[in-house]
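Colleague: Using UniProt numbering, read the sequence shown as starting at 1 and increasing by one per residue.
Backbone N, C-alpha and C fix where the C-beta goes; we use that ideal spot for every residue, glycine too.
First the structure, then my questions, so here it is.
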Amino acid sequence: MSVDFAHDGIVQRVLAGIDITVGRGSFVSLIGPSGCGKSTLLKVMAGLLTPSEGTITVGGLAPGEAAKRHMIGLVFQEATLLPWKTALENAAFLLTVGGRATPKDVALDKAMAMLRLVKLEAAANKLPSQLSGGMRQRVAIARALALDPEVLLMDEPFGALDAITREEMSRGLLDIWERTGKTIVLVTHSIDEAVFLSRDVHVMATNPARIIETLPIDLPAHRDEETFDLPAFAQAESRLRHLLIQSHAVQPIGTSAIGAQPRAGERR
């Protein structure tokens, strides 16, 4: 799968030959240099961008159709909550709009269940201005989960948080994944975060963006504070650091060198 952007009559390939499969219930991360196309790839998965070549599916459907069926949940770096609505109302918001709107009382019940899942039920009646950055991001995660999506796409969701809050949010996200069995695709710049959370990490290079290696993370299924001290954690961290250094040194691919036979990656 490849994506081209056109500007002033010049066509530039921004994603080249992406060919990955994300299994149902897995947790994978995309990591690479700033501007390498991680967010662009996530937008293609979400149906916000259309591939120029090749195809992509979510549970056997085109991403746009999957999104219409509430099969995809999105969480961005900024929580983007409506300032005049409470945490509960924000968490219910996506259920109450569009052609598949849920009755308000049902939507609020689902939203409250998700606030409990992210351990924020006590703040249900607070406005965003009364919440910390980490709490606002938990509301955003609850909002996405309220749709009961099969796939949760997350674009640097903890990037704006301080280090301690970021670690707490990572542990909370892992707990949510273990309890819900959702398929999660995470864009991150943090090597530690990618290793701690993921079962596979896809490393990207740029000019154009492509995946240069997929690294399976060989760690115990259940992860906690002690996971950071395991030799396997250090080995995975070292390998990813080496790959990221390599990704900066990888030479750009010329237009004529781009493969024209992409194979569709199925995401479930």
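(1) Could you pull out every residue in the same chain whose Cβ sits closer than 6 Å to the Cβ of E266, ignoring the five residues on either side in sequence?
(2) Does V97 pass the burial test, meaning 16 or more other C-beta atoms within 10 Å, or should it be called exposed?
(3) Per DSSP, L186 is paired with what?
(4) Check each candidate in A144, I31, V185 and name the one with the smallest Cα separation from F93.
(5) Going by DSSP, what residue range makes up the beta strand (DSSP E) through D19?
(6) Alpha carbons only, please: which of Q130, R210, G54, G17 is nearest the one belonging to L30?
(7) For E189, tell me which candidate among T180, R223, R166, K182 has the shortest Cα-Cα distance.
(8) Measuring straight from C-alpha to C-alpha, what distance separates K68 and R199?
(9) Rounded to whole angstroms, what is the Cα-Cα separation between H242 and I217?
(10) Do you know how far the Cα of A146 is from the Cα of L82?
(11) In whole angstroms, give me the CA-to-CA distance for A260 and F233.
(12) Give me the residue from A142, T40, D8 with the minimum Cα distance to P208.
(13) Of the residues A6, E226, M169, K43, which one's Cα is nearest the Cα of S132?
(14) With three or more beta-carbon pairs closer than 8 Å as the criterion, would you say the stretch 122-141 touches the stretch 83-90?
(15) How is T180 classed by DSSP in three states: helix, strand or coil?
(16) Decide if R24 is buried, meaning its Cβ has at least 16 other Cβ atoms within 10 Å, or exposed.
(17) Would the stretch 45-64 and the stretch 107-123 be scored as touching if the rule is three or more Cβ pairs under 8 Å?
(18) Have a look at A221 and A16 and give me their C-alpha separation to the nearest angstrom.
(19) Could you check if D229 is buried or exposed, using at least 16 other CB atoms within 10 Å of its CB as the buried criterion?
(20) How many Å lie between T214 and S34 at the Cα?
(21) Using only the alpha-carbon positions, how far apart do L48 and I72 sit?
(22) Counting along the chain, where does the beta strand (DSSP E) carrying V3 start and finish?
(23) Please name the residue, chosen from E178, M112, A111, K182, that lies closest to M154 on a Cα-to-Cα basis.
(24) With DSSP as the reference, label E226 as helix, strand or coil.
Modeller: So, from the listed chains and residues:
(1) Unreliable positioning characterises E266 in this predicted model, as indicated by a pLDDT of 38, which lies under 50. The coordinate reading is nonetheless provided below. Here the set comprises T21, T57.
(2) The residue is exposed, with fewer than 16 neighbouring Cβ atoms inside 10 Å.
(3) According to DSSP, L186 bridges with S29, M154.
(4) Ranking A144, I31, V185 by Cα distance to F93 puts A144 first.
(5) From DSSP, D19 is part of no beta strand (DSSP E); its letter is neither H nor E.
(6) Answer by Cα proximity: R210.
(7) Before going on, a small fix: residue 189 reads as His here, not Glu. If we check each option's Cα against that of H189, R166 comes out closest.
(8) Those two C-alpha atoms are separated by around 28 Å.
(9) Straight across, the Cα-Cα distance linking H242 with I217 is about 15 Å.
(10) Each residue's alpha carbon lies about 16 Å from the other.
(11) Any reading at A260 must be qualified, since the residue scores a pLDDT of 30, below 50, and its modelled position is unreliable; the value itself is stated next. Straight through space, the alpha carbons of F233 and A260 are spaced by roughly 37 Å.
(12) It is T40.
(13) Nearest option by C-alpha distance: M169.
(14) The stretch 122-141 makes contact with the stretch 83-90: 3 or more CB pairs, one atom from each, lie closer than 8 Å.
(15) Looking at T180 - three-state DSSP - the assignment turns out to be helix.
(16) Answer is exposed; the Cβ neighbour count stays below 16.
(17) Segment contact: the stretch 45-64 against the stretch 107-123, fewer than three CB-CB distances shorter than 8 Å; contact not assigned.
(18) If you take the alpha carbons of A221 and A16, they lie about 32 Å apart.
(19) Counting Cβ neighbours within 10 Å, D229 comes out exposed, since fewer than 16 surround it.
(20) Their Cα atoms are separated by approximately 18 Å.
(21) Going by the C-alpha atoms only, they are around 11 Å apart.
(22) Residues 3-7.
(23) For M154, the closest of E178, M112, A111, K182 by C-alpha to C-alpha distance is K182.
(24) Note: E226 maps to helix in three-state DSSP.
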